[in-house]
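These notes concern the structure reproduced below.
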Amino acid sequence: MGIEEQLCCLIEEAFNHHFQYQPEKGSIALQATRKEFEGEFTFVTFPYLKISKKKPEETATIIGQYIISNSKIAESFNVVKGFLNIKISSATWLQRLLDIQQNQHYGRKAKNNQKVVVEYSSPNTNKPLHLGHLRNNFLGYSVSCILEAEGYEVIKVNLVNDRGIHICKSMLAYQKFGNGETPESSDIKGDHLIGKYYVRFDQEYKKEMEKMLGDGIKKEDAEKNAPLIQAAREMLKKWESGDQEVVDLWNTMNNWVYEGFDVTYKRMGVEFDHIYKESETYLLGKTIVDEGLKRELFYRKPDGSVWVDLSDEGLDEKLLLRSDGTSVYITQDLGTADLKYNDYQFDKSVYVVGNEQDYHFEVLFRILKRLKRNYAVGLYHLSYGMVDLPSGKMKSREGTVVDADDLMQEMAETAQKSTAELGKIEDFTDEQARALYEILGLGALKYFLLKVDPKKRMLFNPEESIQFHGNTGPFIQYTFARISSLLRKAQQEGLNYTLSEKNLNYELHETEREVIFLISQYEQMLSEAAENFSPSVVAQYVFELAKEYNRFYAELSVMGEKDPVTKIFRVAFSALTAKTIKNAMGLLGIEVPEKM
RNA sequence: GGUCUCAUAGCUCAAUUGGAUAGAGCAACUGCCUUCUAAGCAGUAGGUUUCAGGUUCGAGUCCUGAUGGGAUCACCA
Numbered sequence: 089m090g091i092e093e094q095l096c097c098l099i100e101e102a103f104n105h106h107f108q109y110q111p112e113k114g115s116i117a118l119q120a121t122r123k124e125f126e127g128e129f130t131f132v133t134f135p136y137l138k139i140s141k142k143k144p145e146e147t148a149t150i151i152g153q154y155i156i157s158n159s160k161i162a163e164s165f166n167v168v169k170g171f172l173n174i175k176i177s178s179a180t181w182l183q184r185l186l187d188i189q190q191n192q193h194y195g196r197k198a199k200n201n202q203k204v205v206v207e208y209s210s211p212n213t214n215k216p217l218h219l220g221h222l223r224n225n226f227l228g229y230s231v232s233c234i235l236e237a238e239g240y241e242v243i244k245v246n247l248v249n250d251r252g253i254h255i256c257k258s259m260l261a262y263q264k265f266g267n268g269e270t271p272e273s274s275d276i277k278g279d280h281l282i283g284k285y286y287v288r289f290d291q292e293y294k295k296e297m298e299k300m301l302g303d304g305i306k307k308e309d310a311e312k313n314a315p316l317i318q319a320a321r322e323m324l325k326k327w328e329s330g331d332q333e334v335v336d337l338w339n340t341m342n343n344w345v346y347e348g349f350d351v352t353y354k355r356m357g358v359e360f361d362h363i364y365k366e367s368e369t370y371l372l373g374k375t376i377v378d379e380g381l382k383r384e385l386f387y388r389k390p391d392g393s394v395w396v397d398l399s400d401e402g403l404d405e406k407l408l409l410r411s412d413g414t415s416v417y418i419t420q421d422l423g424t425a426d427l428k429y430n431d432y433q434f435d436k437s438v439y440v441v442g443n444e445q446d447y448h449f450e451v452l453f454r455i456l457k458r459l460k461r462n463y464a465v466g467l468y469h470l471s472y473g474m475v476d477l478p479s480g481k482m483k484s485r486e487g488t489v490v491d492a493d494d495l496m497q498e499m500a501e502t503a504q505k506s507t508a509e510l511g512k513i514e515d516f517t518d519e520q521a522r523a524l525y526e527i528l529g530l531g532a533l534k535y536f537l538l539k540v541d542p543k544k545r546m547l548f549n550p551e552e553s554i555q556f557h558g559n560t561g562p563f564i565q566y567t568f569a570r571i572s573s574l575l576r577k578a579q580q581e582g583l584n585y586t587l588s589e590k591n592l593n594y595e596l597h598e599t600e601r602e603v604i605f606l607i608s609q610y611e612q613m614l615s616e617a618a619e620n621f622s623p624s625v626v627a628q629y630v631f632e633l634a635k636e637y638n639r640f641y642a643e644l645s646v647m648g649e650k651d652p653v654t655k656i657f658r659v660a661f662s663a664l665t666a667k668t669i670k671n672a673m674g675l676l677g678i679e680v681p682e683k684m
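With the working numbering as the guide, the letters of the first sequence map in order to residues 89 to 684.
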């Protein structure tokens, strides 16, 4: 039983004993004591005054005294207003640390026999990945790690948008202006090459429109009837009918993109168990439309289009099938939802998709509920906010995007610069040094994007945002490297730092107490992160832990400590801190270096 | 215009889901490397939580309204 659980039991007992009251199971909640007061756990008595029929201070004191006299878990308590602050004894904390050291599975909970599918990334194959995709990918990967540690079996999937009018745009531009250019011939990464033609299409299309506007044609008509857009539509039709030439070009160009994406994904450190392609799923969902029609959940308009009416739930009518019988986005998503369930029989299915699609997913999930899909209860849209630049929104066509490959490269270079200035890794080989820059640069970037609550939009300032000091990835990595250095020394001395009963008599210093408290909160933190699908919970936790350890490190000596028992405790304590940091950073998809 | 969403220190973000005197980092200022990595530590300063009401022992958090951002409302994806 954990320390917190024991305290809750004692408080329940106290209510029984003193107030003849049996609190509901699990209704007693503790919170962490605020820094300015002594103690680790706080019980708020205000909600129970009607039961105790006493003043807040008195109620708190009675419960505090009960805890002290009926167990050895706490060493003292203090009461401020109605707040009962409980100070856990050093021996209790040390026993807890000993338990953690002996636990082989520390940081990873038992399997809960639940399956969850996490869909993330979901790029279009007409342009390279940018900053917005980085947030998506890091989020998706981190949430997967968190759920896995929480006990789920996690299946990471990527639904690639590899077909459609926008893909045809870059294909058409390439056909017209490409002159047979290839990634090899120009030494350009495949996805960037395709992106170049996507932009080119837009430029040429705009030229045509300007000309048409000059000829007195209305804007709407120009947009619809410009020769290039018509050609793109024509090409889409050909693709759908399986025209060999178009399909060949499509294959060639998409493969270039995939080769480029592979490089980017590898550098980002993300991966997938399965890749769905829309070219293979876009026809799905039509049978579901038929099903819905048959069950009179949907209806057909005179022109042949199919709709669902959600107005009784405060939403609108939504188109599910065009009048020409072709499917729209949501049709595919209905089909893909079934497909995923058939493939994996998941308990939960998470979609990591930006909050601009909140309405879409709201509609999608409601339709699936109406269709009585039994898996509908497990659907979750992990809706994350956009990443803004100081100049405002990113727009691919206006060239105001921050490219993912460029950004990762810059981060690594910044790491190299900072490392060179400090001059701490002179003994590294070139290869080791490069690996370190990668770990630090990516660590800074991932931490920066993950430390913010996913739901909130965030600002990314390329010049100022990414630092290596303060609340950053490298700060935490640095703490790990420091401890690693200590552990190397301990190893050189041949020190065995396995904790034993001998270590339980030690009187903890304030900083040590704080750190152990944080380490002991790891599992609870993990649950909270999993429940909310929120890596930011982990990020804040690990920052707090690193900060607190650094305080300890500045105040007390580890390897220089004279008393051998204390020394063993501090080394073990440091090692467990390092382990916890590594585990937590692992949940964020961030590596930690032994030396930096 | 309808719906959804956000607004906290100069800047970027927290606040244990209704609890104590609203906290960190950056930027500014002051100290600390002859001792385990100074990518660090300690300290100073910075707030009418956008505004106006309400709910209650207690509100940054819940409700109503206002103001200001953002998203969405396509036979686009």
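Every residue gets a Cβ at the ideal spot worked out from N, C-alpha and C, and that includes glycine.
On the three-state DSSP scale, how would you describe M482?
coil
Opposing strand residues paired with E241 [DSSP bridges]:
K203
Residue nearest to Y370 in terms of C-alpha spacing, selected from G413, K354, G423
G423
Does the distance from the C-beta atom of I116 to that of E92 stay below 7 Å?
no
Taking the alpha helix (DSSP H) that R458 falls in, what are its first and last residues?
446-458
Who are the Cβ neighbours of I669 in its own chain at under 7 Å, not counting the five residues just before and after it?
I564, T567, F568, V630, L633, A634, V680
Which term fits R122, buried or exposed, when burial requires 16 or more other beta carbons within 10 angstroms of its beta carbon?
exposed
For a test of the three-state rule: what should DSSP assign to H221, helix, strand or coil?
helix
Please report the Cβ distance between I155 and L98, rounded to the nearest whole angstrom; I am assuming they are in contact, meaning their Cβ atoms lie under 8 Å.
5 Å
Using a Cβ-Cβ cutoff of less than 6 Å, which residues in the same chain neighbour H106 once the five nearest sequence positions on both sides are dropped?
I150
Nearest-angstrom Cα separation, counted from Q291 out to G266
15 Å
In terms of residues, what are the limits of the beta strand (DSSP E) holding G442?
436-442
Say whether the stretch 280-295 touches the stretch 257-266, bearing in mind that this needs 3 or more beta-carbon pairs closer than 8 Å, one atom from each stretch.
yes
Cα-Cα separation between P542 and K481, rounded to whole angstroms:
17 Å
Comparing alpha-carbon positions, which option in E519, Q318, A660 lies nearest D187?
A660
Meets three-Cβ-pair contact criterion under 8 Å: the stretch 572-581 and the stretch 498-506
no
Between which residues of its own chain and Y136 is the CB-CB distance below 7 Å, once the five residues before and five after are set aside?
T147
Using the beta-carbon count (16 or more within 10 Å), is D515 buried or exposed?
exposed
Given that a residue counts as buried once 16 or more other Cβ atoms are within 10 Å of its Cβ, and exposed if not, what is D336?
exposed
Beta-carbon spacing of K175, G127 below 7 Å:
yes
Residues near L407 in its chain [Cβ-Cβ closer than 7 Å; skip 5 each side]
S393, W395, V416
Within this structure, are the beta carbons of I604 and L118 separated by less than 7 Å?
no
Given a cut-off of 7 Å, decide if L676 and A492 are closer than it, judged by their beta-carbon atoms.
no
Select from F621, C256, P315 the residue whose C-alpha is nearest the C-alpha of E333.
C256
In this structure, how does DSSP classify S471 when only helix, strand and coil are distinguished?
strand
Which same chain residues, not among the five before or five after W344, have their C-beta less than 8 Å away from its C-beta?
T270, P271, G278, D279, L281, I282
Terminal residues of the alpha helix (DSSP H) in which N671 lies
652-675
Could you give the distance in angstroms between the alpha-carbon of L403 and the alpha-carbon of M474?
24 Å
Just to confirm my understanding: we take K544, look at its own chain, exclude 5 residues before and 5 after, and list those with CB closer than 7 Å. What are they?
G473
Look up D491 in the DSSP assignment and say whether it is helix, strand or coil.
strand
Beta-bridge partners of Q119, as assigned by DSSP:
T130
Those runs of the beta strand (DSSP E) which lie wholly inside the stretch 524-548 and span at least 3 residues
none
Nearest-angstrom Cα separation, counted from V441 out to L644
46 Å
For H193, three-class secondary structure by DSSP:
coil
Buried or exposed by the 16-neighbour rule on C-beta atoms within 10 Å, applied to Y208:
buried
Among K590, V167, S258, which residue has its Cα nearest to the Cα of M323?
S258
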